[in-house]
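Each residue of the sequence shown is one higher than the last, beginning at 11 in my numbering.
The beta carbon of each residue, even a glycine, is placed where N, CA and C say it ideally should be.
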Amino acid sequence: MRLKVTKFLVTFLMVAGLMLGGCSTQQVSSNASSPAETAAQTSTTTTTEATSVSETTSESIPGMNNLPRLEGKATVVITVDGKPITIEVDGTNAPITAGNFVDLVQKGVYDGLVFHRVVRDPQPFVVQGGDPQGKDPKFPAGRLGTGGYIDPKTGNERYIPLEIKPQGEAAPIYSKTFEMAGVTKPPELTHKQGAVAMARSQQPDSASSQFYFALADLGFLDGNYAVFGYVTQGFDVVNKIKQGDRIESAKVTQGAENLKVPQ
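Following this line, the structure appears as structure tokens:
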């Protein structure tokens, strides 16, 4: 029993760290918490109904139609320490999440950003980056993980809804974890080793620009965080990333034509 409790506590602390690291400026003042706490508070903290992609054309989720979409797949190459990491970005199963990522890559948002959270002990967990504040080398390291992409057109932070597609379904579920939505199927895109997913804080629709690489199979995150792609080459490079390392460049090498950005 003691071993089981210990494993639970380790997992809880690791996930809580992920959420704190994925905290956005929208959520800092509302005390980010762990997925376990979020699920326990479903009835009081979340009022948005789960929405399928087919309903989004009628703006069921405010602002959904103003977000970039990836219709199909794209390839993104992230260079760290002179070495490439190739990611297949899946807009077929996560069109909004993938579209947001590819759009930010195209805008150069990730170039020069720091990996502010690397967790390998007591077991491999994640490498996390994507806070635009990290582009400034003088920005306090302790505050990294609190920022997201500020849209210059609006002056506001761009948020995307939580988007997870159940296996075998035609469309993703939006704005709710699978537990919140009562979904018992596994997701199409799982947290297997090499998965690339969006970090967020307590509220489901708080992801912006921060993302993470899964360093191991992390099935306990499935249905709670939005996976949008996988590392297809260069996972050895991911495994060597240290906290404080920077993204030298991020480029779309294939599938850029599949990105649809609202005018």
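Secondary structure of residue i, DSSP reduced to three states
i	result
R130	coil
P105	helix
G139	strand
Q212	coil
D91	coil
E81	coil
D255	coil
E267	helix
E198	coil
Environment of residue i [buried if 16+ CB atoms lie within 10 Å]
i	result
V237	buried
Q213	buried
A108	buried
R153	exposed
V271	exposed
N41	Since pLDDT at N41 reaches only 33, below the 50 mark, its modelled position is unreliable, and no value is offered.
T242	exposed
A180	exposed
Separation of residue j from residue i, as counted between CA atoms
i	j	result
E81	P176	18 Å
P171	V206	16 Å
G118	L269	15 Å
T156	G254	16 Å
Y222	F125	9 Å
S185	N249	31 Å
K195	P142	35 Å
A260	A209	18 Å
D100	Q133	27 Å
I71	A226	33 Å
R130	K252	10 Å
C-beta neighbour in chain D for residue i, strict 9 Å
i	result
I71	This model lacks chain D altogether, as it is built from one protein chain only.
Cβ-Cβ separation, residue j to residue i (assumed contact under 8 Å), whole Å
i	j	result
V137	V128	5 Å
V112	V86	7 Å
T96	G239	Contact doesn't hold; Cβ gap of about 10 Å is too wide.
A104	E173	5 Å
| message | Would the segment 259-269 count as touching the segment 186-206 if we require 3 or more Cβ pairs under 8 Å? | response | no
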